[in-house]
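A short write-up of the structure that comes next.
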Amino acid sequence: MTTTADARDIICRIASGDFDAEIVARTDHAIAFLDHRPVFYGHTLVCPIGHVDTLPDLPADELVPLMSLVQRVAAAMVTGLGAQGSFVGINNTVSQSIPHLHVHVIPRTKGDGLKGFFWPRRAYAAGQAASYATLLREALQA
Numbered sequence: 746m747t748t749t750a751d752a753r754d755i756i757c758r759i760a761s762g763d764f765d766a767e768i769v770a771r772t773d774h775a776i777a778f779l780d781h782r783p784v785f786y787g788h789t790l791v792c793p794i795g796h797v798d799t800l801p802d803l804p805a806d807e808l809v810p811l812m813s814l815v816q817r818v819a820a821a822m823v824t825g826l827g828a829q830g831s832f833v834g835i836n837n838t839v840s841q842s843i844p845h846l847h848v849h850v851i852p853r854t855k856g857d858g859l860k861g862f863f864w865p866r867r868a869y870a871a872g873q874a875a876s877y878a879t880l881l882r883e884a885l886q887a
């Protein structure tokens with residue numbers, strides 16, 4: 746079941762162009778943009794463009810378009826950023842900071858220090874987010 750978008754829903758605002766974000770990819774059904782507080786640089790959120798609260802609410806015909814973009818972004822972490830792999834995760838309600846379905850795709854490298862689910866966040870330096878977004882966009886177009 747989809748719900749009506751809340752004007753405070755930052756993902757709906759990004760998808761509609763009402764709020765700036767570093768967009769790395771967009772399809773007719775999904776959008777991918779950098780998390781503004783990444784676990785590691787290049788941390789990307791992939792979201793359905795239409796408002797959906799959680800994964801169980803996602804219509805079945807929207808699952809393949811969403812996860813296809815997740816798959817492409819995960820591959821771009823390796824080819825575009827030089828990561829060895831990625832972590833892909835979804836929070837549903839608990840620990841879901843925004844009530845709009847979003848899939849975290851986080852670049853990983855062996856020994857990166859990520860342990861459990863207590864992940865430190867960091868901020869991008871000026872211009873750094875744009876550089877990471879460009880690397881991912883280029884990898885997604887390859």
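Residue numbers 746 to 887, in the numbering used here, belong to the letters of the sequence shown in order. Ideal Cβ placement from N, Cα and C applies to all residues, glycine included.
query: Cα-Cα, which of C792, R782, G787 is closest to A758?
result: Residue identity differs from the one stated: residue 758 is Arg in this sequence, not Ala. That would be C792, whose Cα lies nearest to the Cα of R758.
field: Coil, strand or helix - E843 by DSSP
entry: The residue you asked about is not Glu; residue 843 is Ile in the sequence shown. If DSSP states are grouped into helix, strand and coil, I843 belongs with coil.
- prompt: Should S842 go down as buried or exposed, given a rule of 16 or more other Cβ atoms within 10 Å for buried?
  reply: Burial call: exposed.
query: When the Cα atoms are used, what is the spatial distance from A868 to G787?
result: Spanning the two alpha carbons is a distance of roughly 11 Å.
message: Going by C-alpha to C-alpha distance, which of V809, P804, F785 sits closest to K860?
response: Checked all of V809, P804, F785; the closest Cα to K860 is F785.
query: Once you ignore the five residues that flank T824 on each side, which residues in its own chain have a CB closer than 6 Å to its CB?
result: Result list for T824: A884, in chain order.
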